Each structure stands twice: as structure tokens, then as C-alpha cells.
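The structure appears below as C-alpha cells.
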Amino acid sequence: MIYSIGFWTWAANGTEGTLHEYNGHKYMHVDGNAGKMLKELCGEYPSRWACRSVKYMLPIFRTALQELTEHSAKYSYFDFINGAFMTTAEIAGILKELIARCEAFPDAVLEVDW
50 MIYSIGFWTW AANGTEGTLH EYNGHKYMHV DGNAGKMLKE LCGEYPSRWA
100 CRSVKYMLPI FRTALQELTE HSAKYSYFDF INGAFMTTAE IAGILKELIA
150 RCEAFPDAVL EVDW
């Protein structure tokens, strides 16, 4: 499973939207192996982030990154579960990119496909 996460901003009329591009990519793709650790850190699987505002999710992502950084040993068991697919360092990179995208598009809403 792959989570594809996009950041949309909708026009005032609610019918026209813009899918934002960040570093040349419209969607951020997150391997499903990251799902369990992201659920542990953020409180729910990425599939539940759909239609959430960036303003709502940004503090969650920041808190998750701080938790992972300060207590990486606590989450290292996910490295074993995920095998070679996803490490705690790679999850930290995902959270950093999510935060950067949220800061770049503060009025956006998340789209998540899986």
C-alpha cells in the first residue's frame, strides 16, 4: 500500500481547487510500512488525514517529529517490523516534509489516496 498525500486549496466558491506542487511533485508518496509508526506518533493512520485542514494537522506533525526525535529508541522496534522498508530516520524525514508542505500551503486541505 502507498499513501499519496496532496495539498489542495479551494476557491471561495468551493468548486475550483488547486493541487499544490512542492519541490516538483504534486503528491507526496508514503510507503504503507510507515503507516504503523505514523499512527503511533500522530494518533491515526494517514488514511484518516483525508479532508483535514493543514492548520489542524500541522501541530500534530510537529509534536510527532519532536516525540520521534527525543525518544527515537522507543520507536526503534518499528525498524525491525518494517525491515529494510522504513526506518525511524526515514519517518522523521517524512514528518519534516509534511511540516514543510503545511507551512508552504497554510490554507490547504489534505487529500489522501491509498
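Each residue of the sequence shown is one higher than the one before, counting from 50 in my numbering. Glycine included, every Cβ here is placed at the ideal spot set by N, Cα and C. Nothing here was measured: the structure is a model prediction, and the numbers come from that model.
Cβ neighbour criterion (16 or more within 10 Å) applied to Cys100: exposed
Contact belief for Leu107 with Leu90 at Cβ below 8 angstroms, rounded distance in angstroms: Contact doesn't hold; Cβ gap of about 14 angstroms is too wide.
One or two residues paired with Phe56 in a DSSP bridge: Leu159
For Phe154 and Tyr76, the rounded distance between their alpha carbons: 13 angstroms
CB contact below 9 angstroms: Lys88 versus chain B: Any reference to chain B falls outside this structure, which holds one protein chain only.
Residues that Ser102 bridges to, as DSSP identifies them: Val158
Residues bridged to Gly66 (per DSSP): Trp59
Option nearest Ile51 by Cα separation, candidates Asn82, Asp156 and Ala60: Asn82
Cβ contact (3+ pairs, closer than 8 angstroms) linking the region 109-127 and the region 137-156: yes
Burial state of Gly142, where buried means 16 or more other Cβ atoms lie within 10 Å: exposed
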